[in-house]
Each structure stands twice: as structure tokens, then as C-alpha cells.
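Read through the structure below, which is laid out as C-alpha cells, and then see the notes.
Residue numbers (this note's numbering): 30 to 184.
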């Protein structure tokens with residue numbers, strides 16, 4: 030593996046470490062709304078950057094992980110994460126839900142709940158969809174931990 034590739038893999042491992050840290054939260058989020066919002070917004074942005082956002086519409090899959098791993102022939106390592114992100118969440122998918130939350134509440138738009146698509150807003154209002162969200166996020170946590178281990182083997 031070339032030095033550039035090794036540095037890229039190291040950067041992906043660091044992103045996994047950030048994700049694992051952020052997904053664990055902090056005791057402060059139980060009583061501090063600012064801390065809770067910080068961790069939620071940070072995690073939405075990190076997941077989007079890692080696995081969802083595209084530099085162009087022509088990219089088949091989004092996220093910096095695909096942009097680095099696919100050309101190296103390791104894109105299959107992301108299949109479990111893609112499957113989780115593409116799994117149903119109410120009338121949407123986890124990928125669409127995270128993309129919309131990040132875009133409408135953290136980055137673009139008016140930052141208002143009401144600007145999100147109905148399918149995304151409905152997740153918050155539906156106990157079954159909320160249970161699906163919790164399950165999918167737990168599965169994503171586990172998948173990122175496994176991915177980190179696989180990337181460390183490539184170093």
C-alpha cells in the first residue's frame with residue numbers, strides 16, 4: 030500500500046474513533062441541553078461526512094469512506110453500514126433521515142423542525158419508528174466498531 034493510502038486509512042480510523050466517542054455521549058447530556066444538542070449535531074454531521082454526502086451527483090455512493098475505500102478495492106467493508114443506513118425507518122430510511130436532519134437542522138435551511146420532510150418529522154412522532162431508530166443507531170455503532178478493527182488490519 031502506498032504512503033498516501035496508509036495516511037488515508039489512518040484518517041478513516043480517526044473518523045471511526047470520533048464516531049465511537051460521540052455516539053457514547055457524555056453524562057452531561059442528561060441534564061444539559063447545549064451538550065445534548067452538541068453531541069446530536071456533531072454526530073449527524075460526522076455520519077453524513079463519513080457515509081452519506083457526495084461531492085457530485087455522479088458518485089454512486091456517498092461519504093469520504095467510499096471515496097477512499099472504493100478505489101483501493103475495500104469498498105465491501107462498508108456493506109454492513111450501507112445496509113443499516115438504507116434500512117427502513119418509518120416511511121423513510123435511516124440514510125434519508127440523517128441527511129435531512131443534518132441539512133435542515135444543522136447546516137442549511139431555516140434550522141426549523143417544520144422544514145423537514147413529513148416522513149422525517151413522522152419518525153419523531155411515531156413510537157415504532159423511534160424504536161427502529163434506536164435499534165438502527167445501535168447497529169451502526171457496532172458496525173463502525175467492526176469497521177475500525179478491519180481498517181486497523183490494513184494499516
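We treat Cβ as the ideally placed atom computed from N, Cα and C, and that holds for glycine.
As the crow flies, the alpha-carbon of residue 44 is around 23 angstroms from that of residue 116. Judged by their CB atoms, residue 80 and residue 42 are not nearer to each other than the 8 angstroms cut-off. At the C-beta level, residue 151 and residue 119 come within 8 angstroms of one another. The Cβ atoms of residue 49 and residue 175 do not sit closer than 8 angstroms to each other. At the C-beta level, residue 106 and residue 165 stay beyond 8 angstroms of one another. A straight line joining the alpha-carbon of residue 156 with that of residue 126 spans about 15 angstroms. Counting only unbroken stretches of 3 or more residues, no beta strand (DSSP E) element lies wholly within the stretch 76–105. The stretch 87–99 makes no contact with the stretch 59–73: fewer than 3 CB pairs, one atom from each, lie closer than 8 angstroms. Here the alpha carbons of residue 89 and residue 167 stand approximately 26 angstroms from one another. Between residue 58 and residue 68, the C-beta gap is smaller than 8 angstroms, which places the two residues in contact. Judged by beta-carbon spacing, residue 72 lies within the 8 angstroms limit of residue 52, meaning their Cβ atoms are closer than that value. A straight-line Cα-Cα distance of about 30 angstroms links residue 104 and residue 146. The beta carbon of residue 129 is closer than 7 angstroms to those of 145, 146 and 149 in its chain, skipping five residues each way along the sequence.
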